[in-house]
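Notes follow the structure.
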């Protein structure tokens, strides 16, 4: 029998963050009756299998009205297709309607979820051994995990309580260059970030674009939560403010439609010029990376998403009004429950202006062992913030999520959480 040494496998196999997230899933499986304030997934009762066929039929009608025959439609949906996808034009229209982002259709690559978009962007941008990416810390583990799989170093840029500071980005980029390496891009979630919940003021967004130009950085803007503010205040994407084509925009339909469709996208309109002077856009150049990963994104999934966009008038904001109101209520319920149980005590928390997450600072070491005690003895799950740090940060902080629960479950979860903290 073959026996492999775990130490001989790639570092991503034993990556502490990845193994920690596996542990969280395992604990949730062992304690199915525990209320999960850890899960950041959408509320599942918004989703109906009937919608799949409804939107697929809408897309087929669109193809027919566009002069595409039934035979051509069958081939489009059942065979291999264009690497960068066949609904890029519909996504471009959605971005124009909802986000004031105007890009040519060919600048949109349709991906197998946003995770693939991250991998493609990282692989395409980081070409040499000294190329690194910067990332706001605490950072979404999917991004740091993707970089680890590719062997690309991520250099953390510490967030302040108000979010990423442009001056800190400038300092970290300069330090990386002084050390002989090249910072290629900065990754951040400007709207209600996972895990911190922080959203950047417009002035900070503009200043970040200025710093990116000074430091010769591209920006990888990930925006899965931008629809879900507590109010209707406009929060312009970095991409909509970008006049220098510094921003690569990463998007997903997981939160705004449903995760199982597994459709994301990458918007990369940066011009690329080869040695012969031929000009393309970055999304087209990155198609060779995608073709070696997944060949192409599921044509059927694209058709379902395309039909949803057609049915919604290309406005995710309009199509998601029920979800927006639900998530607003849940976040307000979570914040009110924290105030009721912890006001005046040693426990502190931030107050995000939207999204799914709140960070709670606690007077104990929020370890994996303590999480298991919480699940077993108090029936409540949460996420240690240390999962989101590349170093030793986050040891006394916890991320609470309110997206996957009914408001009453959120309230009960915080009651159990308060009982747990009182016992340790």
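In full-length UniProt numbering, the protein residues as written are 1 to 424. Backbone N, C-alpha and C fix where the C-beta goes; we use that ideal spot for every residue, glycine too. Note that the coordinates shown come from a computational prediction; the quantities given were computed from them, not determined experimentally.
Residue 60 sits in a helix when the DSSP states are folded into three classes. Rounded to the nearest whole angstrom, the C-alpha separation of residue 1 and residue 13 is 21 Å. When DSSP assignments are scanned along the region 150–200, the uninterrupted stretches of alpha helix (DSSP H) that are 4 or more residues long and fall wholly within it turn out to be 166–178. Per the coordinates, the alpha-carbon of residue 199 lies some 31 Å from the alpha-carbon of residue 84. The alpha carbon of residue 320 has as its nearest neighbour, out of 256, 368, 377 and 381, the alpha carbon of 256. Taking C-beta atoms as the reference points, residue 250 and residue 402 fail to come closer than 7 Å.
Distances from the alpha-carbon of residue 314 to those of 86, 322 and 93 put 93 closest.
The alpha-carbon of residue 182 is positioned some 10 Å away from that of residue 217. Apart from the 5 residues on each side of it in sequence, residue 22 has no Cβ closer than 6 Å to any other Cβ in its chain. When 238, 318, 40 and 284 are compared, the shortest CA-CA separation from residue 142 is found for 40.
16 is the residue among 16, 379, 205 and 303 whose C-alpha sits nearest the C-alpha of residue 149. Between the region 344–357 and the region 185–197, the count of Cβ pairs shorter than 8 Å is three or higher; the stretches touch. Note that the region 284–299 touches the region 107–124; at least 3 beta-carbon pairs, one per stretch, sit closer than 8 Å. Around the CB of residue 19, fewer than 16 other CB atoms lie within 10 Å, so the residue is classed as exposed. The residue among 420, 360, 390 and 365 with its C-alpha nearest the C-alpha of residue 399 is 360. Contact annotation: residue 109 and residue 241 have beta-carbon atoms that are not nearer than 7 Å.
Using a Cβ-Cβ distance cut-off of 8 Å, the region 401–421 and the region 336–345 are in contact, since at least three pairs of beta carbons, one from each stretch, lie closer than that value.
For residue 400, the three-state secondary structure derived from DSSP is strand. Unbroken beta strand (DSSP E) runs of no fewer than 3 residues, entirely contained in the region 303–390, are found at 357–361, following chain order. Only exposed fits residue 325, as fewer than 16 other CB atoms lie within 10 angstroms of its CB. When secondary structure is reduced to three states using DSSP, residue 236 falls in the coil class, being assigned neither helix nor strand.
A distance below 6 Å between beta-carbons, with the five flanking residues on each side excluded, links residue 140 to the following residues of its chain, in chain order: 194.
CA-to-CA, the gap between residue 261 and residue 58 works out to about 16 Å. Annotation: the continuous beta strand (DSSP E) that includes residue 108 extends over 108–111. Per DSSP, residue 45 is not a residue of any alpha helix (DSSP H), being assigned neither H nor E. Assignment of residue 19 by DSSP, reduced to helix, strand and coil, places it in the helix class. Contact annotation, residue 244 with residue 213: C-beta distance approximately 6 Å; criterion of less than 8 Å satisfied. Between residue 132 and residue 155 the beta-carbon gap is near 5 Å, inside 8 Å, which marks them as a contact. Residue environment for residue 387: buried (at least 16 other C-beta atoms within 10 angstroms of its C-beta). Checking the DSSP bridge columns, you'll see residue 249 partnered with 221 and 267.
For residue 33, no alpha helix (DSSP H) run applies, since DSSP gives it neither H nor E. According to the DSSP assignment, residue 412 belongs to the alpha helix (DSSP H) that extends over 407–423. Residue pairing by DSSP places residue 134 opposite 155 and 186 in a beta bridge. Residue 69 and residue 54 have their C-alpha atoms spaced approximately 20 Å apart. By the Cβ neighbour-count rule, residue 264 is buried, with 16 or more other Cβ atoms within 10 Å of its own. Residue 281 sits in a strand when the DSSP states are folded into three classes.
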